[in-house]
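Comments concern the structure below.
Numbering (the numbering used here), first residue to last: 114 to 353.
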């Protein structure tokens, strides 16, 4: 089986495992874009270099205006459609939050984190084909969690009893993805993702991190792209 087909099968297993879990208040709605946005996600996985990658970037979980809409990690609509070249049909979750509608590629909101991340790659590599030749971006957890108000609820705020089975499923998928892609470097986008990589990867890959591009981070708002580039150059992931 090819690397790409293995990655696709692994993502399907993760989707099934994650969908079987349940979560209590304050979480009221859970979206699984690996289910309702499977078409664009599969198209994204097919961008994976069949020979493996040198650098794997890992985020925490989908954002409500990014991967939740497009099925692509950090998937700001314009970046996915216009730079990566993916625009597929997106269905809707069974239980949709009225304040967080899924509009797919018609979504007019822009996810700042995805805009910054894919914007940096566009500036450095020019074309997505050049980026995917040695790089790939994934998320640790496939689920989006929301409270009754519609507020985003990240996995690190789940109680231990709910996080344990979720982490088990996500760790298994991450281990499979690392084995399949066989990267030289794994880069956690933010400290949470870095910790996940260190726990799962062990000594099989060199692990480092970059500042998370979220607008909630004052440091990221002071110039995320130069800061992230500097971190990647200093760690040895990229050349100056």
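The beta carbon of each residue, even a glycine, is placed where N, CA and C say it ideally should be.
Note that this is a predicted model, so its numbers are computed, not measured.
- Burial check for residue 114: the Cβ neighbour count within 10 Å stays below 16, so the residue is exposed.
- In the DSSP annotation of this structure, the continuous segment of the beta strand (DSSP E) that includes residue 169 starts and ends at 168-172.
- Look at residue 318 here: in three-state DSSP terms it is coil, with no helix or strand label.
- Contact between the region 299-306 and the region 271-280 is absent: fewer than 3 CB-CB pairs across the two stretches fall below 8 Å.
- Bounds of the alpha helix (DSSP H) holding residue 282 are 273-294.
- When C-alpha distances from residue 296 are compared across 147, 163, 145, the shortest belongs to 163.
- For the pair residue 247 and residue 168, the CB atoms are nearer than the 9 Å cut-off.
- Residue 298 sits in a strand when the DSSP states are folded into three classes.
- Just measuring C-alpha positions, the residue of 182, 197, 299 sitting nearest residue 241 is 197.
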